[in-house]
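Peer 1: For the sequence shown, the residue numbers in my numbering are 46 to 404.
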Amino acid sequence: MRSLDFDLPPELEATGPPEARGLARDEVRLMVSYRQDDRVLHAGFRDLPDFLEAGDVLVVNTSGTMNAAVPATRETGAELTLHLSTHLPGDLWTVELRSHEGTKPLLDGKPGETLRLPGGGVAVLHTPYLSQNRSKEGANRLWISTLNLPTNLNDYLDRHGAPIRYGYVRENWPSGYYQTVYATEKGSAEMPSAGRAFTPEFITRLVAGGVQVAPLVLHTGVASLEDDEPPYEEYYRVPPATARTVNEARAAGHRVVAVGTTVVRALETVTDVEGRSHPGEGWTDLFITPERGVRSVGALLTGLHEPRSTHLAMLQALVESGSACPLLSSGRDHLEIAYTEALEEGYLWHEFGDLHLVL
Numbered sequence: 046m047r048s049l050d051f052d053l054p055p056e057l058e059a060t061g062p063p064e065a066r067g068l069a070r071d072e073v074r075l076m077v078s079y080r081q082d083d084r085v086l087h088a089g090f091r092d093l094p095d096f097l098e099a100g101d102v103l104v105v106n107t108s109g110t111m112n113a114a115v116p117a118t119r120e121t122g123a124e125l126t127l128h129l130s131t132h133l134p135g136d137l138w139t140v141e142l143r144s145h146e147g148t149k150p151l152l153d154g155k156p157g158e159t160l161r162l163p164g165g166g167v168a169v170l171h172t173p174y175l176s177q178n179r180s181k182e183g184a185n186r187l188w189i190s191t192l193n194l195p196t197n198l199n200d201y202l203d204r205h206g207a208p209i210r211y212g213y214v215r216e217n218w219p220s221g222y223y224q225t226v227y228a229t230e231k232g233s234a235e236m237p238s239a240g241r242a243f244t245p246e247f248i249t250r251l252v253a254g255g256v257q258v259a260p261l262v263l264h265t266g267v268a269s270l271e272d273d274e275p276p277y278e279e280y281y282r283v284p285p286a287t288a289r290t291v292n293e294a295r296a297a298g299h300r301v302v303a304v305g306t307t308v309v310r311a312l313e314t315v316t317d318v319e320g321r322s323h324p325g326e327g328w329t330d331l332f333i334t335p336e337r338g339v340r341s342v343g344a345l346l347t348g349l350h351e352p353r354s355t356h357l358a359m360l361q362a363l364v365e366s367g368s369a370c371p372l373l374s375s376g377r378d379h380l381e382i383a384y385t386e387a388l389e390e391g392y393l394w395h396e397f398g399d400l401h402l403v404l
């Protein structure tokens, strides 16, 4: 599979939330692309109801964002930042070591290394996350770790942690800027950002128009997958009511619209080959590609993704699953048309950027 490649100009990276640009949450831009004929329209997020119909279902990820960046000190006294990624079975964690400023990964961790955390907390690195690296020495970005904290996790992170911030975001923003309004339980290392633009008033407007909103949970891990890294395990939970709502909507000919790639991953994990979704809970390592296809959703609201990212493979899979005459490259061609317009029209990328509705 060839991933979509393009140059992303620095000026199209959203360096802060829309509020810092004088906009409300729901005033970001919205690009709408149609899989059937490759049309691309340009609108605002507040126009989203114009593209939905009564009976359609929006499936949202109600996972809240943790303050997952924690200052740490090595046994040598060197300071760094520890990114908590995924809470694994057995009370283990996938973690990433970052520079003190958090701008670049550190690849020199060692098995058994102990990191001192604020307030008397301790993290111990046990083994590289990638199984193929466990029997050899070398650079490792991700580690399986245990945490020993003096208080419960969320209280500790609220006091000592901060939202994960990458270099394109120029300043620290309070954790509230990294939460969706419908978040119910913290657990994501990074914000499920496709839903950031929703406000309570906007959701009320959608529901009044007959659009259903169904929740699920997928706790996202850290981003920046490397080419040689398999998809991370992530915890998900699809409630029985959501599975039922999704199945009933599809059976009635209505669209199931995923709000974010995290929703697609969770739903695809519990959807069988006949396209029927089931309740479920656990950890998923599902990697969605065009070869596998998408069975559970008919549309996707998402952000704009970086060149060559695994999210683009998922978008390509969705496009090809909905094409009347799918060709090997049709999904990629559609994304190339849409992303070319997004670049030309000056859309903004990343978690504080604009949105893309694939219909």
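All C-beta atoms, glycine included, are put in the ideal place defined by N, C-alpha and C. This structure is a prediction, so every number in the text was calculated from the model and none was measured.
Which of the three DSSP states, helix, strand or coil, is assigned to Tyr281?
Peer 2: Position 236 of the sequence shown holds residue 281. Correct three-state label for Tyr281: strand.
Peer 1: Between which two residues does the alpha helix (DSSP H) containing Ser366 stretch?
Peer 2: Along the sequence shown, read from residue 1 onward, the residue named residue 366 stands at position 321. Element bounds for Ser366: 355 to 366.
Peer 1: Below 8 Å on the Cβ atoms is my contact criterion, and I expect Leu346 with Ala239 to pass it. Report the Cβ-Cβ distance as a whole number of Å.
Peer 2: As a working note, residue 346 is residue 301 in the sequence shown. As a working note, residue 239 is residue 194 in the sequence shown. Rounded, the Cβ-Cβ distance is 6 Å, consistent with contact.
Peer 1: Which term fits Gly298, buried or exposed, when burial requires 16 or more other beta carbons within 10 angstroms of its beta carbon?
Peer 2: Taking the sequence shown and counting its residues from 1, the one referred to as residue 298 is at position 253. Burial call: exposed.
Peer 1: Can you look up Pro245 in the DSSP assignment and give me helix, strand or coil?
Peer 2: Taking the first residue of the sequence shown as position 1, residue 245 is located at position 200. Pro245 falls in the helix class under three-state DSSP.
Peer 1: For Val115, verify whether its CB is less than 7 Å away from any heavy atom of the ligand HEM.
Peer 2: With respect to the ligand HEM, the structure offers nothing, as it holds no ligand at all.
Peer 1: Is it buried or exposed for Thr355, if we count other Cβ within 10 angstroms and need 16 for buried?
Peer 2: Locating residue 355 in the sequence shown gives position 310, counting from the first residue. Flag for Thr355 reads buried.
Peer 1: Going by CA-CA distance only, name the one from Thr118, Ala253, Tyr280, Leu152 that's closest to Gly135.
Peer 2: As a working note, residue 135 is residue 90 in the sequence shown. If we check each option's Cα against that of Gly135, Tyr280 comes out closest.
Peer 1: Quick one: is Phe397 buried, meaning 16 or more other Cβ sit within 10 Å of its Cβ, or exposed?
Peer 2: Residue numbering aside, residue 397 sits at position 352 when the sequence shown is read from its first letter. That one is buried.
Peer 1: Buried or exposed, going by whether 16 or more other CB atoms sit within 10 Å of the CB of Thr249?
Peer 2: Counting from one through the sequence shown, the residue named residue 249 turns up at place 204. So Thr249 ends up on the exposed side.
Peer 1: With distances taken Cα to Cα, identify the nearest neighbour of Glu351 among Thr196, Ala387, Gly254.
Peer 2: For the purposes of this step, residue 351 is taken as residue 306 along the sequence shown, with counting starting at 1. Checked all of Thr196, Ala387, Gly254; the closest Cα to Glu351 is Ala387.
Peer 1: So Val302 packs on Asp101, CB below 8 Å; how close in whole Å?
Peer 2: Here the question's residue 302 lines up with position 257 in the sequence shown. Here the question's residue 101 lines up with position 56 in the sequence shown. Yes, they are in contact, since the Cβ atoms of Val302 and Asp101 sit about 6 Å apart, within 8 Å.
Peer 1: Among Glu381, His132, Ala383, whose alpha-carbon lies nearest the alpha-carbon of Leu192?
Peer 2: Looking up residue 192 in the sequence shown gives position 147. Among Glu381, His132, Ala383, the Cα nearest to that of Leu192 belongs to His132.
Peer 1: Return the bridge partner residues of Asn106 from the DSSP annotation.
Peer 2: As a working mapping, residue 106 is identified with position 61 in the sequence shown. Per DSSP, Leu261.
Peer 1: Do Glu216 and Gly61 have their C-beta atoms within less than 8 Å of each other?
Peer 2: For this step, residue 216 is matched to residue 171 along the sequence shown. For this step, residue 61 is matched to residue 16 along the sequence shown. Yes. Within cutoff.
Peer 1: Measure the alpha-carbon distance for Arg80 versus Met359 and round it to whole angstroms.
Peer 2: Residue mapping note: residue 80 aligns to position 35 of the sequence shown, counting from 1. Residue mapping note: residue 359 aligns to position 314 of the sequence shown, counting from 1. Computed Cα separation, rounded: 14 Å.
Peer 1: Secondary structure at Ile209, three-state DSSP: helix, strand or coil?
Peer 2: Translated into the one-based positions of the sequence shown, residue 209 becomes position 164. In this structure, Ile209 counts as coil in the three-state DSSP scheme.
Peer 1: Check Ile382 in the structure and name its three-state DSSP category.
Peer 2: One-based indexing of the sequence shown puts residue 382 at position 337. Ile382 falls in the helix class under three-state DSSP.
Peer 1: Looking only at C-alpha atoms, which of Leu49, Asp71, Tyr174 sits nearest to Leu400?
Peer 2: Taking the sequence shown and counting its residues from 1, one reaches residue 400 at position 355. The shortest C-alpha separation from Leu400 is found at Asp71.
Peer 1: Leu402 and Val77 look like a contact to me (Cβ under 8 Å); what is the Cβ gap, rounded to whole Å?
Peer 2: Indexing the sequence shown from 1 puts residue 402 at position 357. Indexing the sequence shown from 1 puts residue 77 at position 32. Confirmed, about 5 Å.
Peer 1: How many whole angstroms separate the CB atoms of Glu381 and Leu49, which I take to be in contact at a CB cut-off of 8 Å?
Peer 2: Start at 1 with the first residue of the sequence shown, and residue 381 comes out as number 336. Start at 1 with the first residue of the sequence shown, and residue 49 comes out as number 4. Confirmed, Cβ separation roughly 6 Å.
Peer 1: Answer yes or no: do Leu137 and Asn185 have a C-beta to C-beta separation smaller than 8 Å?
Peer 2: Taking the first residue of the sequence shown as 1, we reach residue 137 at position 92. Taking the first residue of the sequence shown as 1, we reach residue 185 at position 140. No, the pair does not count as a contact, with Cβ atoms beyond the cut-off.
Peer 1: Take Val105 as the anchor and find which of Ala65, Val226, Thr329 has the nearest alpha-carbon.
Peer 2: For the purposes of this step, residue 105 is taken as the residue at position 60 of the sequence shown. Cα-wise, what sits closest to Val105 is Val226.
Peer 1: Report the three-state DSSP secondary structure of Ser144 (helix, strand or coil).
Peer 2: Sequence index remark: in the sequence shown, residue 144 carries index 99 (1-based). Here Ser144 sits in coil by DSSP.
Peer 1: Specify, as a first and last residue, the run of the beta strand (DSSP E) that Thr196 falls within.
Peer 2: Indexing the sequence shown from 1 puts residue 196 at position 151. Per DSSP, Thr196 belongs to no beta strand (DSSP E) and is neither H nor E.
Peer 1: With the cut-off set at 8 Å, would you say Ser341 and Val291 are in Cβ contact?
Peer 2: The count along the sequence shown starts at 1 and reaches residue 341 at position 296. The count along the sequence shown starts at 1 and reaches residue 291 at position 246. Yes; because the gap between Cβ atoms is below 8 Å, this pair is in contact.
Peer 1: Note the first and the last residue of the continuous alpha helix (DSSP H) segment covering Val125.
Peer 2: Locating residue 125 in the sequence shown gives position 80, counting from the first residue. In the sequence as displayed, the identity of residue 125 is Leu instead of Val. That residue, Leu125, is in no alpha helix (DSSP H); its beta strand (DSSP E) goes 124 to 133.
Peer 1: Are there three or more Cβ pairs, one per stretch, closer than 8 Å when the stretch 104 to 118 is compared with the stretch 218 to 235?
Peer 2: They touch, by the three-pair rule.
Peer 1: Hey, how far is the Cα of Thr118 from the Cα of Thr334?
Peer 2: Looking up residue 118 in the sequence shown gives position 73. Looking up residue 334 in the sequence shown gives position 289. One C-alpha to the other measures close to 39 Å.
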